[in-house]
Amino acid sequence: MPTIKDVAKLAGVSISTVSYAINGTRSISEETKKKVYAAVKELDYKPNGIARSLKMKQNHMIAVVVNEFIGPVYQQIIHGVTKAAKKSGYEVIASECFSEKTEITKVLSQRFVDGAIILASYLSDNMIKDLAGDNFPIVVLDRKIRNKNITSILINNELGAYEAIKYFYEKGHRKIGFLSGPNNSYDNNTRYKGFINAMKKFNLNVEKEWCLTSNFTEEGGYEVIKDFVNNIPDEHLPTAFFVSNDEMAIGAMRAFQEYGINIPKDMSIIGFDDIELCKYVTPNLSTIHRPCYGLGTMAANSLISKLEGEKVSNLISLSSELVIRESCQ
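If you count the sequence shown from 1, you need to add 39 to reach this note's numbering.
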């Protein structure tokens with residue numbers, strides 16, 4: 040089984056740098072992060088021996104559980120969690136979760152940490168409720184769960200999607216497509232719901248052939264749009280796409296451009312999340328802003344407040360904001 044030392048060796052960095060990259064505890068360059076995440080993926084590294092290392096330190100330790108470390112959204116959330124936790128004297132362990140039968144679920148169920156922040160679609164609502172039990176506080180960032188020990192912090196995805204479609208409509212677009220992420224994602228499904236509701240409100244047809252599905256990655260967005268353009272006559276193309284996250288939107292833009300479809304002259308695109316890269320791709324990507332770092336800090340502060348006996352709402356909703364740049368007109 041690979042160790043953190045193996046990751047450091049493959050990435051050509053120190054062990055501490057690997058830890059900083061994974062846990063977001065210090066600012067390091069994007070190039071170094073990419074090397075670390077690539078090594079993590081290649082070696083299939085997962086933090087192991089967590090339970091053994093925590094038995095001697097059960098207090099002032101919280102866990103953050105995400106689908107994967109790779110990706111700007113997860114990086115920003117973990118960074119926000121870590122910064123806020125450290126200010127309150129708490130340490131953070133971060134773990135990926137690819138199924139319900141992982142070491143981190145054992146750590147949570149055996150209470151080796153004081154509480155947990157979860158953004159992992161592989162964990163079911165029932166599993167999370169079981170982990171919370173009678174007295175284990177949890178904050179979830181990707182779903183709404185009714186439970187006295189669980190706080191749900193959610194972005195208003197439906198409103199964000201509505202604002203995107205409203206903008207397209209006001210700019211004269213009547214043929215609008217949707218590029219979806221995985222259907223097991225709460226964020227994706229609520230964005231799709233907002234898309235459908237907005238299309239109905241503006242009396243626009245939802246064309247099945249313009250509703251595509253991918254996997255929240257640049258590569259996924261690129262491949263799906265390549266296949267789409269290859270199999271549809273130019274005259275049947277929509278004039279705009281709302282994309283369920285920025286990474287897919289960036290991949291989609293590249294695919295359209297490779298086929299000579301100008302953005303935004305021929306195709307307008309709006310993504311979701313407002314990752315840093317949006318400002319540096321050409322054209323700059325219009326998007327719905329989601330405060331990922333702020334989500335992380337709010338999650339940590341809410342969890343720590345619960346741990347310290349303060350009353351915390353079981354449902355916290357944050358607003359989203361349409362950010363118009365160069366990719367739509």
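For glycine and all other residues, C-beta sits at the position ideal for the given N, C-alpha and C.
Remember, predicted model here, so these are calculated numbers, not experimental data.
At the C-beta level, D153 and L346 come within 9 Å of one another.
By the criterion of at least three beta-carbon pairs nearer than 8 Å, the segment 170-179 is not in contact with the segment 196-209.
Residue ranges of uninterrupted beta strand (DSSP E) with 3 or more members, entirely inside the segment 175-219 and ordered along the chain, are 177-179, 189-194 and 215-219. Every unbroken stretch of the alpha helix (DSSP H) spanning 4 or more residues and falling wholly within the segment 266-329 is given here in chain order: 285-297. V351 and G290 have their C-alpha atoms spaced approximately 39 Å apart.
By the CB criterion at 9 Å, I194 and I177 fall outside the cutoff. With respect to I116, L147 sits apart: the two C-beta atoms are not nearer than 9 Å.
Using a 10 angstroms sphere on the CB of K74, the tally of other CB atoms reaches 16 or more, which defines it as buried. With fewer than three CB-CB distances shorter than 8 Å, the segment 261-269 does not count as touching the segment 228-236.
Here C250 carries a strand assignment [DSSP, helix/strand/coil]. The alpha carbon of N196 has as its nearest neighbour, out of Q149, S224, A279 and P303, the alpha carbon of S224.
For M100, the uninterrupted beta strand (DSSP E) segment begins and ends at M100 to V105. Nearest C-alpha to T141 among I156, K122 and Y161: Y161.
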